[in-house]
Amino acid sequence: MESVQYATKTDLVSGNAIAELRGVTKRYGSVLAASDLDLAIEPGEFLSFLGPSGCGKTTALRMLAGFETPTEGQVLLDGEVVNDVDAHHRPVNMVFQQYALFPHMTVAQNIGYGLRQIRPRIPKEQINERVGKALATVRLAGFEDRRIWEMSGGQQQRVALARAIVNEPKLLLLDEPMAALDRKLRKEMQIELQDLQRELGITFVLVTHDQEEALSMSDRICIMRDGRIVQIGSPQELYDTPKSRYVADFVGTSNFFDGKVVGYQGDLVSVRLSDGTVVEARSLHQVADGQDACVSVRPEQMRLSREEGGLPVHVHNRIFLGEHTEYLVTHAILGEFLVLSPRQTEMNDGPFNAGESLTVSWDAGTALVLEQE
Amino acid sequence: MKQNKRNWLLLAPAGTWFLVMLIIPLSVVLIFSFGERAPSGGVVLALSLEQYANLPARWTAFKNTMTLAPIGTLAALLIAYPLAYFLAVKVNPKWKTILLVLVIVPFWTSILIRSYAWIFLLGGRGLPALLDWIGIEGVRLINTPFAVLVGIVYGYLPLMVFPIFVSLDRLDKRLLEAASDLGASRWNAFLQITLPLSIPGIATGCMLVFILLMGEFLIPALLGGGKVFFVGNALVDLFLQSRNWAFGSAVAVTLVVVMLITVTIYMRLIARLGASRDDVAIM
Ligand SMILES: Nc1ncnc2c1ncn2[C@@H]1O[C@H](COP(=O)(O)OP(=O)(O)OP(=O)(O)O)[C@@H](O)[C@H]1O
Ligand SMILES: [Mg+2]
């Protein structure tokens, strides 16, 4: 009973999902909050739900926790359907957005709350010991007898975290746990949370609408839009091979050009842009001649040059960022776009000045044809 | 300095009111209580403790008040809590306001009229007749302590419902989700989270009802039929009928003292219950 074995990252390959959503849909009256979600959460992974406000992230999390029942589909924990299992019977714990700490209890009483619910009862000394350990884990040793209102925002967040992990849940759900913290503290907590996850080996599911947070912390990110999952993948996959313009725009920044497909060879597609230029780009999905297409090029893959060959632009604005210099350039027909020029280019070609006429080019393989959404 | 002056201005209306309506009359009553009865009624000022020595004559009134007021408060609490809980937690928010208004609807008619309704209901041709009809004979309700209890619980229920409703309504529902998430059954979550966090409402409600019950005289007069009388009834009698102002004043002063002592003990108890820092608003 004492220590439960938790899966580690190496189990990832085994494919035994610790939690699963199968065709899960949730409606609130006429509002479709989640639509046909399919997702398998692997043991020990750090998964994030990323998406704009109102896209259904909290809804998905609440169905995993057991606060909401799906309108359609199944929620599975450890291979068993748990649609009708109440939250208090699920081996899952949640860190709430506003922490939801009990105001009439001390820090230690808050953290021990879950342990005190277990029947047959756990001896008091053992509870105290585990509470002490959890407090040490979140670096709050010695704060046992404080009242909640005597703790700062960051400390409260740690108490909320300790209150969840002390129960050694199979799945820890975190609903924007850092949203209320200032930037600096948020950065610190992100690192701490990652360390903690590695240390405990508990599966984490994090909800956020901060892409940087999702990118830096997660093993996998689940991008959501209007109640749907639009793409799931590792941060790098999502960055390098976004399926849609929506994902490319949400994960990092990108330049988009609309055009029409005028031919293809293998996965290289020729697209005629609105100014008549034909560019080549890689496509991860089937395209047909004459079809509307969206070409995406990351700012760091674009090259600025004073030589001919490329899209003619002139420099609108220049921001020096150290390793990189960010240029906002304007094309007569295609409009404005962003170019990140590395320090090396800057050193060789010298800074490009505002108003200067230049050309922009990129390697065919780095541009992507995306599903227009 | 200026800020200070403004604060005084804010307090001035209430302060004046307090002085004129409470401090002065109370002082007068206190002075009277050491006086003697004038031959034609009223009072002759003196400095005697004779009136206080006479207090045992009114022992029954004190005993009735000091038993029925706490019992009435407790009964009102037991009935009001589930109602307030239902209104705050279970009811569809759309209906909340309407149902809350319904709770205070009885206040729209005078307590006198409503008590007459109870006189009929508890009287010979009301409930006892009904009980008689189904075979339970000889039940007498009117003019008993029970009738008075029914009357005061009925009359003061809204005053108990409201503060409890407010504290339950304010309760963050996520706390209950958190409790449930941590493995608490619904009943345990209620006992461990909802109930302790509604103590401020309970404390306020009990205090309000208890203090008002200590001074009650109308309901015992109507439903107790002169058999179950409160200190309030004794006061009406002494001041208005027998015109023994000196003794009446002594009874009144004693009532105030008893009330102060009880309320102080009560507040100590609540504070010890350890409701969180500023939640016990009224104290
Ligand atoms: N209890 C509810 N009743 C009705 N509609 C709801 C309820 N909860 C959520 N919704 C709706 O469902 C949709 C998804 O809400 P959800 O809370 O999951 O969004 P979210 O992605 O967590 O957003 P945020 O980032 O703002 O927290 C929204 O349109 C919301 O208005
Ligand atoms: Mg949310």
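Quick note, the sequences are listed as chains V and R, same order.
Just so we're aligned, residue 1 is where the first sequence starts under my numbering, counting upward by one.
Just so we're aligned, residue 1001 is where the second sequence starts under my numbering, counting upward by one.
Glycine included, every Cβ here is placed at the ideal spot set by N, Cα and C.
If you're wondering where the values come from, they're calculated on a predicted model, not measured in any experiment.
>> For Gln-5 of chain V and Arg-198 of chain V, I'd like the C-alpha separation in whole angstroms.
In response: Caution applies to Gln-5 of chain V, whose pLDDT of 41 falls short of 50 and renders its modelled position unreliable; the value that the coordinates give is listed next. Roughly 14 Å between the two C-alpha positions.
> Going by other Cβ atoms of all chains shown within 10 Å of its Cβ, with 16 needed for buried, is Gln-375 of chain V buried or exposed?
Replying inline: This structure gives no information on residue 375 of chain V, because the portion of chain V shown stretches from 1 to 373.
>> Does chain V have any CB closer than 7 Å to the CB of Gly-1205 of chain R?
In response: no
> Using a Cβ-Cβ distance under 7 Å, would Glu-1036 of chain R count as near chain V?
Replying inline: no
> What is the C-beta distance between Ile-1219 of chain R and Gly-1151 of chain R, in whole angstroms, given that I count them as a contact (C-beta under 8 Å)?
Replying inline: 4 Å
> Which ranges does the beta strand (DSSP E) cover as unbroken runs of at least 3 residues, wholly within the segment 10 to 60 of chain V, from first to last along the chain?
Replying inline: 19 to 28, 31 to 41 and 46 to 50
> At a CB-CB cut-off below 8 Å, which residues of chain R make contact with Asn-93 of chain V?
Replying inline: Asp-1181 and Leu-1182
> When the Cα atoms are used, what is the spatial distance from Glu-307 of chain V to Leu-334 of chain V?
Replying inline: 20 Å
> Any heavy atom of ligand 1 closer than 6 Å to the Cβ of His-209 of chain V?
Replying inline: yes
> Is Ser-35 of chain V near ligand 1, going by C-beta to nearest heavy atom under 6 Å?
Replying inline: no
> Expressed to the nearest angstrom, what Euclidean distance is found between the alpha-carbon atoms of Ser-1033 of chain R and Tyr-1154 of chain R?
Replying inline: 34 Å
> Looking at the C-beta of Leu-1197 of chain R, does it have a partner C-beta in chain V at a distance below 7 Å?
Replying inline: yes
> For Ser-53 of chain V, is the beta carbon positioned less than 6 Å from some heavy atom of ligand 1?
Replying inline: yes
> Using the rule of at least 16 other Cβ atoms within 10 Å of the residue's Cβ for burial, across every protein chain shown, is Phe-1162 of chain R buried or exposed?
Replying inline: buried
> What residues of chain R sit near Tyr-246 of chain V, judged by a beta carbon separation below 8 Å?
Replying inline: The contacting residues do not exist; Tyr-246 of chain V stays about 31 Å from chain R at best.
>> Between which residues of its own chain and Glu-45 of chain V is the CB-CB distance below 7 Å, once the five residues before and five after are set aside?
In response: Leu-12, Thr-203, Asp-219 and Arg-220
> If we cut at 7 Å on Cβ distances, does Gln-155 of chain V have a partner in chain R?
Replying inline: no
> Using DSSP with H/G/I as helix, E/B as strand and the rest coil, what is Met-178 of chain V?
Replying inline: coil
>> So within the segment 1136 to 1182 of chain R, which uninterrupted alpha helix (DSSP H) runs reach at least 4 residues, ignoring any that extend past its ends?
In response: 1145 to 1170 and 1173 to 1181
>> In whole angstroms, give me the CA-to-CA distance for Lys-1094 of chain R and Leu-1087 of chain R.
In response: 11 Å
> Residues in its own chain within less than 6 Å of Ala-367 of chain V by CB, not counting five upstream and five downstream?
Replying inline: Ala-281, Val-295 and Val-297
> Does Ala-100 of chain V have its Cβ less than 7 Å from a Cβ in chain R?
Replying inline: yes
>> Between the alpha carbons of Leu-1131 of chain R and Tyr-1156 of chain R, how many angstroms are there, rounded?
In response: 27 Å
> How would you call Gly-79 of chain V, buried or exposed, if buried means at least 16 neighbouring beta carbons within 10 angstroms?
Replying inline: exposed
>> Just to confirm before moving on: does the CB-CB distance between Val-1228 of chain R and Phe-1062 of chain R stay below 7 Å?
In response: no
>> If you reduce the DSSP assignment to three classes, tell me which class Leu-1255 of chain R lands in.
In response: helix
> Under three-state DSSP, which class holds Pro-1013 of chain R?
Replying inline: helix
>> Helix, strand or coil for Val-1020 of chain R? Go by DSSP, reduced to three states.
In response: helix
> Whole alpha helix (DSSP H) runs in the segment 242 to 292 of chain V with 4 or more residues, listed along the chain?
Replying inline: 245 to 250
>> On a Cα-Cα basis, can you pick out the residue from R:Gly-1123, R:Ala-1080 and R:Val-1105 that is closest to Met-1160 of chain R?
In response: R:Ala-1080
> Going by C-alpha distance, which of V:Ile-18, V:His-331, V:Glu-346 and V:Glu-326 is nearest Pro-169 of chain V?
Replying inline: V:Ile-18
>> Can you check whether the C-beta of Ala-65 of chain V is within less than 7 Å of a C-beta belonging to chain R?
In response: yes
> When Cβ atoms are compared, which residues of the segment 1158 to 1182 of chain R fall closer than 8 Å to chain V?
Replying inline: Asp-1172, Arg-1174, Leu-1175, Glu-1177, Ala-1178, Ala-1179, Ser-1180, Asp-1181 and Leu-1182
> Candidates V:Gly-54, V:Ser-48, V:Leu-171 and V:Leu-47: which alpha carbon is nearest Ser-35 of chain V's?
Replying inline: V:Gly-54
> Name the DSSP bridge partner or partners of Asn-317 of chain V?
Replying inline: V:Leu-328
> Measuring CB to CB, does Trp-1118 of chain R end up less than 7 Å from Leu-1260 of chain R?
Replying inline: no
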